[in-house]
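Protein chains in written order, with my numbering: chain A, 1202 to 1594; chain B, 113 to 363.
What follows is a single structure, written as structure tokens, with notes after it.
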Amino acid sequence: MKLSDLKDMKVEALLSALNVKGREALAERFVTLGLPSKKSETYRYFDAETLFEKEYKTLDYLPKTIAESEKIIITDGVVTAAPKGLRIYTESCEQIDMEHFDPLYYLGHLLSPQVIKIEVDGDVELDLEHRFTQSETLISYRIVLYNQSNRHATLYENFVADAIKNSLVLYGYDMHIAQDSTLNVVKLQTMQSQQYNMVASNRVNVAKQANALLKSFDLGGEQGLQILKVDLDTRAHVEAGHLLYLNQDAKRGTVSQIIHKGEHSTSKQEAKNILDGKARGIFDALIRVEHAAKYTKAQQNSKAILLDEKAYMVSKPQLEIYIDELEASHGSTTGQLDEKQLFYLQSRGISYVEARKMLVIAFANTLIETVKDARHQERIKEAFEAVFYAAHQ
Amino acid sequence: MSTVMKIENLQAKIGDKDILKGLNLELEPGKVHAIMGPNGAGKSTLSKALVGHYDVEVTGGDITYKGKSIRDMEAEERALEGIFLSFQHPVEIPGVNNAYFLRTALNAKRKHEGKEELNAAEFLRLMRDHLEMLGMKSDMISRSLNEGFSGGEKKRNEILQMLILEPEVIILDEIDSGLDIDALRAVSEGINKMKDGKRSFLVITHYSRILDYIEPDYIHVLKEGKIIKTAGPELVGELEEHGYDSIEEEK
């Protein structure tokens, strides 16, 4: 399958090409938004067309027996392991956001009429591992996540790939965060060695007085885009933190829309970007405050450090405001490592490479330390150091 | 006379400005050398040149340490070989934990010397006595490096690093600036503790106050990029009384 073949297709032809029945509204949205290209606002800085021009094998996604495990394992889009007692099953998705700005959100739902549903019960911590084992394959799946009211749950996500080459992963969440609850999602992803590229298109619906804490730690190379649409109800809160540490000729980042729909809703979005080699980082983030969202508080900030003169950061924090009664701020800075700090460390006998590592981790630490669990915080630091040393061998 | 560091006809500039113009100086092991001079004489440029600071371009002459030229040596190599600069204005590094920094620096030195690295517990035991002597609160090592430290705390932290790294040539650039009497006493105590008859000190200062606490063996007057006079501690009184303008260059 070549995704570029879907370009400019009409609804009927699209449904026929994808072998999907009864999803005209989704197909209509995809056709209206169009297959992403350099001209698309959302994908302007991401080289989607190169990915779509490749021929990929496709998979059947037939459900398998789920082994009992301490963590959820999704292998090539199919659940293969899960903790005992966890409600995880495959079903068609009915609650699809018909106002999403991303065409691949709709394409993902068209490619995956059956989604993986996870119902998080109580105050729990879950580990979810995504495994990819197929080369030159389009791996497409979607996850629908529910939690319970008045509960605080955490999901730690990580990604493991076999010795594969050139696959494309299209996945994403529809998260429904229940009233008065907190859902904390921590995503750690190192991409390298041309194993796979990825677009993750997410929709997060945060109900009244609920909290969404969304942290992503994207490390290494390759192409990867995290797309995020967050809807905030009355007194709902989202705290989104994005760390990028990229090298080689990576093109990765976040394109997001946080939409304040209810009164007294609050958002805090912080991006830290460290770019080495010829890497390109993307932070293209909009916070929209709608008419009904009086007394909103919104903060948005992006900071970038360029470690190489060929590295490049696209930073576009944006506010779109339709009311007067709010507090909002946004900002963006891009710079280099402070040579005074670097020299100070070296003057104590610390090598240039080690001193650079200490400073880039120091820059990243404000986000890493928001992960309160010591074991997971250590895993993020270890992954960070592994990518750093691989680039400085 | 034995020499641990020899500076010969050193010429150096910062940007386009020539600052050191043929400076000669020899540091003897176990001695305290004080460099005094007016503003703009080149005192801080000298200290930066000795540790390989990126601001300073050495354009002529040489610096030898234990008989080996260090002119082209990187800053970290000079540090590992035993040259230490206590900065006039130590930089703040948010996010770098002070204890982690100190242990990394110490272990880099131990590795260079072929010794085993210290683990966190061994390191903390080593720290405890030093902290007490310097009047430093134990939470200062768990904070980010120099971040939010007062002027006195920063200088104490410099001396803490010196005590831990045990260098052989110690350059103290305006160590007394911004210190109250108690801090000055604590810092001086730390410095005097390092005097063992082998280590050399190069104390760079505007004022004689610090020299009441750290007794110098030699006073060198630096003016317009050169050492113009070298004498014993009695020169301090003369400078206090008549100022730098009264000093003529020795032929």
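Positions of the beta carbon are idealized from the N, C-alpha and C atoms, including for glycine.
C-beta contact flag for residue i and residue j at 8 Å
i: A/Leu-1426; j: A/Val-1400; result: yes
i: B/Leu-137; j: B/Ile-303; result: no
i: B/Glu-265; j: B/Met-252; result: yes
i: A/Arg-1352; j: A/Gly-1323; result: yes
i: A/Glu-1292; j: A/Lys-1318; result: yes
i: B/His-318; j: B/Glu-270; result: no
i: B/Ser-300; j: B/Glu-352; result: no
i: A/Arg-1332; j: A/Val-1361; result: yes
i: A/Leu-1329; j: A/Tyr-1374; result: no
i: A/Phe-1589; j: A/Val-1561; result: yes
i: A/Val-1439; j: A/Val-1490; result: no
i: A/Gln-1605; j: A/Leu-1487; result: Look at the range of chain A in this structure, 1202 to 1594, and you will see that residue 1605 of chain A is not part of it.
i: A/His-1301; j: A/Arg-1224; result: no
i: B/Leu-132; j: B/Val-116; result: no
i: A/Asn-1412; j: A/Gln-1395; result: no
i: B/Arg-268; j: B/Leu-238; result: no
i: A/Met-1376; j: A/Glu-1423; result: no
i: A/Leu-1546; j: A/Met-1559; result: yes
i: B/Ala-211; j: B/Ser-254; result: yes
i: A/His-1597; j: A/Val-1554; result: Residue 1597 of chain A cannot be examined here, being either before or after the span of chain A that is shown, 1202 to 1594.
i: B/Glu-204; j: B/Asn-258; result: yes
Extent of the continuous beta strand (DSSP E) run through residue i
i: A/Asp-1485; result: 1481–1490
i: B/Asp-128; result: Careful: B/Asp-128 lies outside any beta strand (DSSP E) and carries neither H nor E.
i: B/His-365; result: Any property of residue 365 of chain B remains undetermined from this structure, which presents chain B solely from 113 to 363.
i: B/Met-148; result: 144–148
i: A/Lys-1388; result: 1383–1392
i: B/Ile-195; result: 195–198
i: A/Ser-1368; result: 1368–1378
i: B/Leu-284; result: 281–285
i: A/Glu-1282; result: Checking the sequence, you will find Ala at residue 1282 of chain A rather than Glu. First-last of the beta strand (DSSP E) with A/Ala-1282: 1279–1283.
i: A/Ile-1275; result: 1273–1276
Endpoints, alpha helix (DSSP H) assigned at residue i
i: A/Thr-1607; result: Residue 1607 of chain A is absent from the model: chain A starts at 1202 and stops at 1594.
i: A/Phe-1585; result: 1575–1592
i: A/Ser-1238; result: Looking at the DSSP string, A/Ser-1238 is not in any alpha helix (DSSP H), and its letter there is neither H nor E.
i: B/Gly-264; result: 263–277
i: B/Phe-235; result: 232–245
i: B/His-224; result: 210–224
i: B/Ala-295; result: 293–306
Cβ shell of residue i (< 8 Å), same chain only, five flanking positions each side left out
i: B/Ile-310; result: According to the sequence as given, residue 310 of chain B is Lys; it is not Ile. Contacts found: Pro-141, Gly-142 and Glu-280.
i: A/Ala-1494; result: Leu-1433, His-1461, Lys-1462, Gly-1463, Glu-1464, Ser-1466, Ile-1524 and Leu-1527
i: A/Pro-1314; result: Val-1221, Arg-1224, Ser-1293 and Cys-1294
i: A/Lys-1582; result: Ile-1562 and Ile-1569
Neighbourhood of residue i by C-beta distance below 6 Å, restricted to the same chain and skipping five residues each side
i: A/Ser-1503; result: Ala-1472, Phe-1484, Ser-1516, Pro-1518 and Ser-1533
i: A/Asp-1419; result: Gln-1390, Leu-1445 and Arg-1453
i: A/Asp-1450; result: Lys-1479
i: A/Glu-1229; result: Val-1212
i: A/Ile-1344; result: Ile-1317 and Tyr-1374
i: B/Tyr-325; result: Ser-300
i: A/Asp-1363; result: Thr-1334
i: A/Val-1456; result: Thr-1243, Ile-1428 and Asp-1485
i: A/Thr-1259; result: Met-1202 and Leu-1339
i: A/Leu-1216; result: Ala-1228
i: A/Glu-1250; result: Ser-1238
i: A/Met-1299; result: none
i: A/Gln-1500; result: Lys-1469 and Ser-1530
i: A/Thr-1187; result: Because chain A in this structure spans residues 1202 to 1594, residue 1187 of chain A falls outside the shown range and cannot be described.
i: B/His-242; result: Leu-272 and Leu-275
i: B/Leu-284; result: Ser-198 and Val-315
Contacting residues, own chain, Cβ-Cβ under 7 Å from residue i (five flanking each side not counted)
i: B/Leu-135; result: Ile-119, Leu-122, Leu-158, Gly-337, Lys-338 and Ile-339
i: B/Glu-186; result: Gly-164
i: B/Lys-160; result: Asp-167 and Val-168
i: A/Tyr-1290; result: Lys-1318
Inset, instruction - Return the chain-ordered ranges of every beta strand (DSSP E) run that is complete within the segment 1285–1354 of chain A and spans a minimum of 3 residues. - result: The segment 1285–1354 of chain A contains these whole beta strand (DSSP E) runs: 1288–1293, 1315–1320, 1326–1333 and 1339–1347.
Inset, instruction - Mind the definition here: the segment 167–177 of chain B touches the segment 332–351 of chain B only if three or more C-beta pairs lie below 8 Å; say whether that holds. - result: Result no; under three Cβ-Cβ pairs closer than 8 Å.
Inset, instruction - Indicate whether the contact test is met: 3 or more Cβ pairs, each with one atom in the segment 1298–1309 of chain A and one in the segment 1321–1336 of chain A, closer than 8 Å. - result: By the criterion of at least three beta-carbon pairs nearer than 8 Å, the segment 1298–1309 of chain A is not in contact with the segment 1321–1336 of chain A.
Legend entry - Whole beta strand (DSSP E) elements within the segment 1503–1565 of chain A, 3-residue minimum: Counting whole runs of 3 or more residues, the segment 1503–1565 of chain A contains the beta strand (DSSP E) stretches 1513–1522 and 1527–1536.
Inset, instruction - Kindly provide the ranges of any alpha helix (DSSP H) runs that are 4 or more residues long and lie completely inside the segment 1396–1470 of chain A, ordered along the chain. - result: Fully enclosed alpha helix (DSSP H) runs of 4 or longer: not present.
Legend entry - Complete runs of the beta strand (DSSP E) confined to the segment 309–351 of chain B [at least 3 residues]: Complete beta strand (DSSP E) runs here, min 3: 312–317, 330–335 and 338–343.
Inset, instruction - Examine the Cβ distances between the segment 1202–1218 of chain A and the segment 1234–1253 of chain A and report whether three or more of them are shorter than 8 Å. - result: By the Cβ criterion, the segment 1202–1218 of chain A is in contact with the segment 1234–1253 of chain A, since at least three pairs of Cβ atoms, one from each stretch, lie closer than 8 Å.
Legend entry - contact_flag[the segment 1569–1584 of chain A, the segment 1496–1511 of chain A] where n(CB pairs < 8 Å) is 3 or more: When Cβ pairs closer than 8 Å are counted between the two stretches, the segment 1569–1584 of chain A is seen not to touch the segment 1496–1511 of chain A, the count staying below three.
Legend entry - Segment contact, 8 Å Cβ cut-off, at least three pairs: the segment 216–225 of chain B with the segment 1544–1555 of chain A: Here the segment 216–225 of chain B makes contact with the segment 1544–1555 of chain A; the two share three or more CB pairs at distances below 8 Å.
Legend entry - Validate contact between the segment 150–164 of chain B and the segment 184–202 of chain B using beta carbons, cut 8 Å, 3 pairs: A contact exists between the segment 150–164 of chain B and the segment 184–202 of chain B.
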